[in-house]
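In our numbering, the protein residues as written are 15 to 543. No residue lacks a Cβ here, since even glycine has one placed at the ideal position from N, Cα and C.
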Amino acid sequence: MNTEEERQALQKDLDSKKNTDDRRSLGQFSTPFPLAKEIVTFGLTLLGGKGTRDVRFMDPAIGTGSFYSAVESACSDERCLSAIGYEIDPHYAMPAKELWRGHPIEIKISDFACEPPASFRPNLVVCNPPYVRHHLMHAERKKELALKATTETGVKISGLSGLYCYFMLLADKWLSEGAISGWLVPSEFMDVGYGKCLKDYLLHNVRLVRVHRFDPAEAQFDDALVSSAVVWFEKGRPDPDGDALFTYGGTHDSPAMSKRVKIAELETERKWTRFPAGECKKTDVAETLSDYFTVKRGIATGNNGFFILSESKMRGLKVPDEFSVPILPGPRALKADVVTADSDGNPELPERLFLLKCPKMAEEMGRLHPQLCEYLRSGEENVSKGCLCRSRKEWYSQEERRPAPILCSYMGRGSGEKGPFRFILNHSKAIATNSYLMLYPTKRLTEEFGDGMDVMRAAWEFLNKVSQAEISGEGRVYGGGLRKVEPRELQRVDVSGFASFAANRLESSVEQGGASTRIDASAEPISPR
Ligand SMILES: C[S@@+](CC[C@H](N)C(=O)[O-])C[C@H]1O[C@@H](n2cnc3c(N)ncnc32)[C@H](O)[C@@H]1O
């Protein structure tokens with residue numbers, strides 16, 4: 015067995031002795047060796063391109079040493095290798111120390127985030143840092159690390175940042191001038207708000223060289239579902255007139271797509287995942303969805319199984335009309351894209367659902383509605399203890415919400431134009447759960463075009479023409495290819511041309527004698543979340 019074979023056997027054995035929750039709390043998901051080798055080889059090429067012969071390697075989160083092993087195997091004899099690695103968990107660090115005894119590496123068992131730099135100055139840092147999400151980090155630790163990171167780099171770090179962001183910033187002080195640094199991180203930072211700290215660092219503190227984003231449908235780790243990117247930069251003064259290589263898909267060595275992007279463009283583009291496939295988003299987009307619709311998440315009931323009932327169950331419990339409101343089934347169960355309504359405004363669907371919305375259970379209520387009270391009592395044991403129910407004054411009370419004329423399913427895998435984002439035109443007074451986003455017309459829409467269902471239909475038709483890629487471009491994508499768009503992100507979608515489209519549609523419907531039924535959906539929900 016060679017050392018790498020021994021290391022892989024050791025990794026497997028050590029992983030099997032820890033449970034997944036413990037591993038997650040320290041971000042212990044090792045890099046498959048073939049991937050480590052591709053990454054390291056690229057780093058060594060960058061270093062070699064600078065005429066550097068000696069390799070001073072550092073991995074701040076070394077585990078059993080996947081990257082170090084790759085460096086050793088890729089370094090030719092004439093390159094002089096020295097290395098240092100940090101590992102917080104003795105479970106991995108002790109056997110790794112043993113494994114690499116006699117090799118030119120020092121493994122330190124300590125918390126890298128709190129280490130002052132040693133005299134060793136690496137010229138190559140390659141790291142798969144722990145992906146520990148912010149809510150799993152103690153508030154005190156976050157505060158302490160954020161202060162350090164800001165003092166050392168001048169970059170302000172958001173409290174929503176995962177541990178990997180702190181690692182990247184805190185490694186800065188170690189780097190010698192011209193050092194090459196490569197980080198295998200979640201690609202999420204390229205899109206989400208907290209990622210700004212890393213983007214600021216990459217644009218203003220160092221020279222960004224390359225960002226490779228793996229296809230999110232092809233997870234890089236067997237045991238962790240994240241979509242990953244490798245970020246390469248060189249320690250040195252940033253070049254605002256320069257550019258960086260953005261690659262996507264395929265492999266790190268042989269990407270499916272690539273493009274050079276100007277640093278100036280990266281400064282203005284909030285979503286770096288637009289590259290390399292797309293262009294920088296125009297900052298002067300004429301119309302965005304927020305001009306015409308306010309987007310809110312549907313309601314969180316606290317327990318759909320308990321609070322959402324079929325029509326027959328409602329009848330069985332003799333629930334009076336005023337204690338219920340029609341609610342749409344989830345996107346998967348809702349086959350139609352247009353929900354029509356009966357004369358009472360209830361949706362015309364094969365199976366109708368209702369949300370139970372009861373006032374306080376007073377004595378009088380027990381007398382008037384005994385079955386309903388009995389049913390509520392049956393939820394006292396379990397349902398009332400749920401996180402959301404517990405936080406309410408009456409555990410069974412529900413948020414007030416008006417129906418929305420347009421809904422959007424905002425999460426799913428889907429591909430190409432058959433994507434996950436589906437718009438539903440709702441003629442009924444049914445509301446929706448948080449498996450939908452609810453679109454309420456703005457004052458501008460109703461002032462310019464009115465608030466009839468013909469206007470909403472025109473808007474719905476237009477939204478159906480907006481490409482899935484445009485919507486995805488505003489949203490985010492998770493490992494395994496799950497795509498999602500949040501209310502504020504949907505509001506940013508470019509709907510240029512909507513005004514003229516709506517005007518034309520309405521004109522032609524008037525010419526054809528189309529009626530304009532007013533909708534019962536005010537510009538804002540009564541109690542927005
Ligand atoms: C994603 S794994 C990467 C391991 C290895 N470098 C690889 O690529 O296979 C992250 C490693 O960082 C270690 N770690 C977590 N927090 C750390 C810290 N504060 N300081 C040093 N190591 C840490 C974990 O125990 C884990 O072994």
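Could you tell me if the beta carbon of Phe203 falls within a distance shorter than 7 Å of some heavy atom in ligand 1?
Counting from one through the sequence shown, the residue named residue 203 turns up at place 189. No, ligand 1 has no heavy atom inside 7 Å of this Cβ.
For Asp186, count neighbouring Cβ atoms within 10 angstroms of its own Cβ and tell me buried if that reaches 16, exposed if not.
Indexing the sequence shown from 1 puts residue 186 at position 172. Burial state of Asp186 is buried, judged by a 10 Å Cβ sphere holding 16 or more other Cβ atoms.
Can you find a heavy atom of ligand 1 that lies under 7 Å from the Cβ of Thr354?
One-based indexing of the sequence shown puts residue 354 at position 340. Not so, every heavy atom of ligand 1 lies at least 7 Å from the Cβ.
Just to confirm before moving on: does the CB-CB distance between Arg415 and Leu439 stay below 8 Å?
In the sequence shown, residue 415 corresponds to position 401, counting from 1. In the sequence shown, residue 439 corresponds to position 425, counting from 1. Not closer than 8 Å, so no.
To the nearest angstrom, how far is the alpha carbon of Glu301 from that of Ala517?
Position 287 of the sequence shown holds residue 301. Position 503 of the sequence shown holds residue 517. In a straight line, the C-alpha of Glu301 is about 15 Å away from that of Ala517.
I'd like to know if the stretch 180-194 and the stretch 246-253 are in contact, where contact means that at least 3 CB-CB pairs between them fall below 8 Å.
By the Cβ criterion, the stretch 180-194 is in contact with the stretch 246-253, since at least three pairs of Cβ atoms, one from each stretch, lie closer than 8 Å.
Report the rounded CA-to-CA distance for Lys399 versus Lys32, giving the unit in angstroms.
Sequence index remark: in the sequence shown, residue 399 carries index 385 (1-based). Sequence index remark: in the sequence shown, residue 32 carries index 18 (1-based). Roughly 31 Å separates the two Cα atoms.
Just mark Glu503 as buried or exposed, buried being the case when its beta carbon has 16 or more other beta carbons within 10 Å.
Indexing the sequence shown from 1 puts residue 503 at position 489. Result: buried.
Given Gly495, which residues of its chain have a CB within under 6 Å of its CB, disregarding the five upstream and five downstream residues?
Along the sequence shown, read from residue 1 onward, the residue named residue 495 stands at position 481. Pro230, Ala231, Arg427, listed in sequence order.
Three or more beta-carbon pairs under 8 Å between the stretch 203-221 and the stretch 268-287, yes or no?
Output reads yes: the stretch 268-287 touches the stretch 203-221.
If you draw a straight line from the alpha carbon of Trp409 to that of Leu138, how long is it in whole angstroms?
The count along the sequence shown starts at 1 and reaches residue 409 at position 395. The count along the sequence shown starts at 1 and reaches residue 138 at position 124. Spanning the two alpha carbons is a distance of roughly 56 Å.
Here's a check: name, in chain order, each residue in its chain whose Cβ is nearer than 7 Å to the Cβ of Ala270, leaving out the five neighbours to either side.
On the sequence shown, position 256 is the one that residue 270 refers to. Excluding sequence neighbours, Ala270 sits near Tyr262, Gly263, Gly264.
With a CB to CB cut of under 6 Å and the five nearest residues on each side skipped, what residues in its chain are close to Arg227?
Translated into positions along the sequence shown, residue 227 becomes position 213. Cβ within range, chain order: Ser201, Ala243, Tyr262.
Can you find at least 3 beta carbon pairs, one from the stretch 162-172 and one from the stretch 68-85, that sit closer than 8 Å?
no
With distances taken between CB atoms, is the gap from Val309 to Pro501 smaller than 8 Å?
The residue you call residue 309 lines up with position 295 of the sequence shown. The residue you call residue 501 lines up with position 487 of the sequence shown. Yes, they are a contact pair.
With a threshold of 8 Å on Cβ separation, who are the neighbours of Ile322 within its own chain once the five nearest residues in sequence on each side are excluded?
Taking the sequence shown and counting its residues from 1, one reaches residue 322 at position 308. Only Thr315, Ile341, Leu367, Phe368, Leu369, Leu370, Thr447 meet the Cβ criterion.
Quick check: the stretch 483-493 against the stretch 450-458, are there 3 or more CB pairs under 8 Å?
no
Look at the alpha carbon of Arg2 and the alpha carbon of Val54, and state the distance between them as a whole number of angstroms.
Past the boundaries of the shown model lies residue 2; the chain is included only from 15 to 543, so the question cannot be answered.
Which same chain residues, not among the five before or five after Leu60, have their C-beta less than 8 Å away from its C-beta?
For the purposes of this step, residue 60 is identified with residue 46 of the sequence shown, where counting begins at 1. Once the five neighbours on either side are set aside, the close Cβ partners of Leu60 are Ile194, Val223, Trp246, Glu248.
Does the stretch 103-116 touch the stretch 139-150, meaning 3 or more C-beta pairs lie closer than 8 Å?
Below 8 Å, too few C-beta pairs join the stretch 139-150 and the stretch 103-116 to call them touching: fewer than three.
Under a three-way DSSP split, which group does Ser536 fall into?
If you number the sequence shown from 1, residue 536 lands on position 522. With a pLDDT of only 38 at Ser536, under 50, the local geometry of the prediction cannot be trusted, and the value read off the model is given with reservation. Coil.
Relative to the C-alpha of Pro118, which candidate in Leu386, Asp35, Met72, Ala160 has its C-alpha closest?
For the purposes of this step, residue 118 is taken as residue 104 along the sequence shown, with counting starting at 1. The shortest C-alpha separation from Pro118 is found at Met72.
Can you tell me which of Asn142, Thr165, Cys401, Gly511 puts its alpha carbon nearest to the alpha carbon of Leu303?
Taking the sequence shown and counting its residues from 1, the one referred to as residue 303 is at position 289. Closest by alpha carbon: Gly511.
Report the rounded CA-to-CA distance for Val140 versus Arg37, giving the unit in angstroms.
The count along the sequence shown starts at 1 and reaches residue 140 at position 126. The count along the sequence shown starts at 1 and reaches residue 37 at position 23. The straight-line gap from Cα to Cα measures roughly 21 Å.
Is there at least one non-hydrogen atom of ligand 1 closer than 7 Å to the beta-carbon of Thr583?
Examination of residue 583 is not possible in this model, given that the chain is present from 15 through 543 alone.
Just checking Asn33 against ligand 1 - is the residue's beta carbon closer than 7 Å to any of the ligand's heavy atoms?
Start at 1 with the first residue of the sequence shown, and residue 33 comes out as number 19. The answer is no for Asn33.
Return the residue from the list Arg490, Pro109, Trp474, Asp27 that minimises the CA-CA distance to Lys285.
As a working mapping, residue 285 is identified with position 271 in the sequence shown. The option with the nearest alpha carbon to Lys285 is Arg490.
So, helix, strand or coil for Arg284, using DSSP?
The sequence position of residue 284 within the sequence shown is 270, counting from 1. In the structure shown, Arg284 sits in coil (DSSP, three-state: anything other than H, G, I, E or B).
May I ask whether a heavy atom of ligand 1 can be found less than 7 Å away from the beta carbon of Ala160?
For this step, residue 160 is matched to residue 146 along the sequence shown. Result no, Cβ not under 7 Å from ligand 1.
At a cut-off of 7 Å, is Ile420 close to ligand 1 when judged by its beta-carbon and the heavy atoms of the ligand?
Numbered from its first residue, the sequence shown carries residue 420 at position 406. Incorrect: Ile420 has no Cβ contact closer than 7 Å to ligand 1.
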